[in-house]
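Numbering (my numbering), first residue to last: 101 to 481.
Glycine is no exception: its CB is placed at the ideal position from the N, C-alpha and C atoms.
Please read the structure below before turning to the comments.
Printed below as a string of structure tokens:
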């Protein structure tokens, strides 16, 4: 039984239980409990603990009132500054671009603790349906990146600034799977034949990407010293990319060469015998770039992509982007019965799940071959 008007109850085990509000989370009361052998003892404990909780709540209110107002722009700059010691320059540039292009124009002067979930959800709808060039709407993947930055800014303000900000963790954006085109076997053969018959260093680089799965930035940063002719393998430990500069810089963009995007991307890749023969024949001094054979001159990713486009046009191959070479390599490996764990490490993935879900595209021929394994069960002997 309980005493009227009080949160004090007689338990089945004979003890008395008292309940009190010890705080609030997202507007909901969070309760604490005390126990004693008698009603009087519980009431005394409740009185003591309630006084302590009241003082704590009043102190919290006082602290919250003394927090200085902070606008979204300032909170975003503080978050970005905190990332500099741990992220690559290219990642910082990416986040700054998202802030400058999308988030600051909308939330620039808004106080960080006044932004509501409805504000963010409405902006997401605008971006999806009327954002981007010509008001055609942004791709869900792009909007997802924008929301991710927004989450990080808010969480940083909450964790380090102790501001009471809206929780948007459960906001999600549906993404329809985007099919990645890969080269058919006949297209791959045509491209390989053309590259081998016109073996410039650029074409050799494209051939290496097709049969090792390395990325465009990785082949552009590769030097001849990264190829071990004793071990018949190549080492990937650099990548090249063009990033945007600050407004004060003379040029809008610049090329940077840095470590790959993750530790898993630093890897050693064995080379197929036939491809290795071409590398032996084309060998240049160790300190030169692979695609140029020169010490102080390189080919940047955009240029290599353009040369790849020219090559597939000559080969009468339907339009496909450079990254499709990586997908094609992964798919052919699976079709040939390649060990998935080995393939995952060659591609530089953190887990085999990434390899299977993102880069492996079984062909209809492979599916038919797998299904035909049931033939012996069906045949009546």
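Contact under 7 Å by Cβ, residue 401 with residue 313: In the chain shown, residue 401 corresponds to position 301, counting from 1. In the chain shown, residue 313 corresponds to position 213, counting from 1. Cβ distance not < 7 Å, so residue 401 and residue 313 don't count as in contact.
Whole-angstrom C-beta distance between residue 335 and residue 326, which should lie under 8 Å: Position 226 of the chain shown, counted from the first residue, corresponds to residue 326. Position 235 of the chain shown, counted from the first residue, corresponds to residue 335. With 8 Å as the limit, residue 326 and residue 335 qualify as a contact, their Cβ atoms being about 5 Å apart.
C-beta atoms of residue 175 and residue 257 nearer than 7 Å: The residue you call residue 175 lines up with position 75 of the chain shown. The residue you call residue 257 lines up with position 157 of the chain shown. Their beta carbons are under 7 Å apart, which means residue 175 touches residue 257 by this criterion.
Beta-carbon proximity check, residue 448 vs residue 367, cutoff 7 Å: Against the chain shown, residue 448 aligns to sequence position 348. Against the chain shown, residue 367 aligns to sequence position 267. Closer than 7 Å, so yes.
Those runs of the beta strand (DSSP E) which lie wholly inside the segment 407–478 and span at least 3 residues: none
Short Cβ contact (7 Å threshold) for residue 268 with residue 220: Taking the first residue of the chain shown as position 1, residue 268 is located at position 168. Taking the first residue of the chain shown as position 1, residue 220 is located at position 120. Against a cut-off of 7 Å, the Cβ pair of residue 220 and residue 268 comes out as a contact.
Pair within 7 Å by beta-carbon distance, residue 227 and residue 311: Position 127 of the chain shown, counted from the start, is the residue given in the question as residue 227. Position 211 of the chain shown, counted from the start, is the residue given in the question as residue 311. Their beta carbons are not under 7 Å apart, which means residue 227 does not touch residue 311 by this criterion.
Buried or exposed by the 16-neighbour rule on C-beta atoms within 10 Å, applied to residue 283: The residue labelled residue 283 in the question sits at position 183 within the chain shown. Buried, because 16 or more other Cβ atoms sit within 10 Å of the Cβ of residue 283.
Beta-bridge pairing of residue 354 - partner residues as DSSP gives them: As a position in the chain shown, residue 354 is number 254, starting the count at 1. BP columns for residue 354 point to 343.
Beta-carbon gap between residue 443 and residue 428 smaller than 7 Å: Sequence index remark: in the chain shown, residue 443 carries index 343 (1-based). Sequence index remark: in the chain shown, residue 428 carries index 328 (1-based). It is not a contact, given that the beta carbons lie outside the stated cut-off.
Helix, strand or coil at residue 233 [DSSP, three-state]: For the purposes of this step, residue 233 is taken as residue 133 along the chain shown, with counting starting at 1. Residue 233 falls in the helix class under three-state DSSP.
Anticipated Cβ contact below 8 Å, residue 388 with residue 323, distance rounded: Residue 388 sits at position 288 when you count from the first residue of the chain shown. Residue 323 sits at position 223 when you count from the first residue of the chain shown. Sure, about 6 Å apart at Cβ, within 8 Å.
With 16 other Cβ atoms within 10 Å as the buried cut-off, status of residue 140: Here the question's residue 140 lines up with position 40 in the chain shown. So residue 140 counts as exposed.
8 Å contact criterion, which residue 117 and residue 142 should meet: CB distance rounded: Here residue 117 refers to the residue found at position 17 of the chain shown. Here residue 142 refers to the residue found at position 42 of the chain shown. Correct: roughly 7 Å between the Cβ atoms.
Cβ-Cβ separation, residue 343 to residue 411 (assumed contact under 8 Å), whole Å: Position 311 of the chain shown, counted from the start, is the residue given in the question as residue 411. Position 243 of the chain shown, counted from the start, is the residue given in the question as residue 343. Rounded, the Cβ-Cβ distance is 27 Å, inconsistent with contact.
CB contact flag (residue 249, residue 198, <7 Å): If you number the chain shown from 1, residue 249 lands on position 149. If you number the chain shown from 1, residue 198 lands on position 98. Going by C-beta atoms, residue 249 is nearer than 7 Å to residue 198.
Of the listed residues 332, 301, 338 and 362, nearest to residue 373 (C-alpha basis): Position 273 of the chain shown holds residue 373. Checking every option, the nearest Cα to that of residue 373 belongs to 332.
C-alpha gap between residue 201 and residue 107, whole angstroms: As a first step, residue 201 must be located in the chain shown, where it is residue number 101. As a first step, residue 107 must be located in the chain shown, where it is residue number 7. Going by the C-alpha atoms only, they are around 54 Å apart.
Opening and closing residue of the alpha helix (DSSP H) in which residue 311 lies: Start at 1 with the first residue of the chain shown, and residue 311 comes out as number 211. Note, residue 311: alpha helix (DSSP H), 301–312.
Sheet register partners of residue 117 (DSSP bridge): Counted from its first residue, the chain shown places residue 117 at position 17. Residue 117 pairs with 109 and 135.
Assigned exposure category for residue 424 - 16 Cβ within 10 Å defines buried: Your numbering for residue 424 matches position 324 in the chain shown. Per the 10 Å Cβ criterion, buried.
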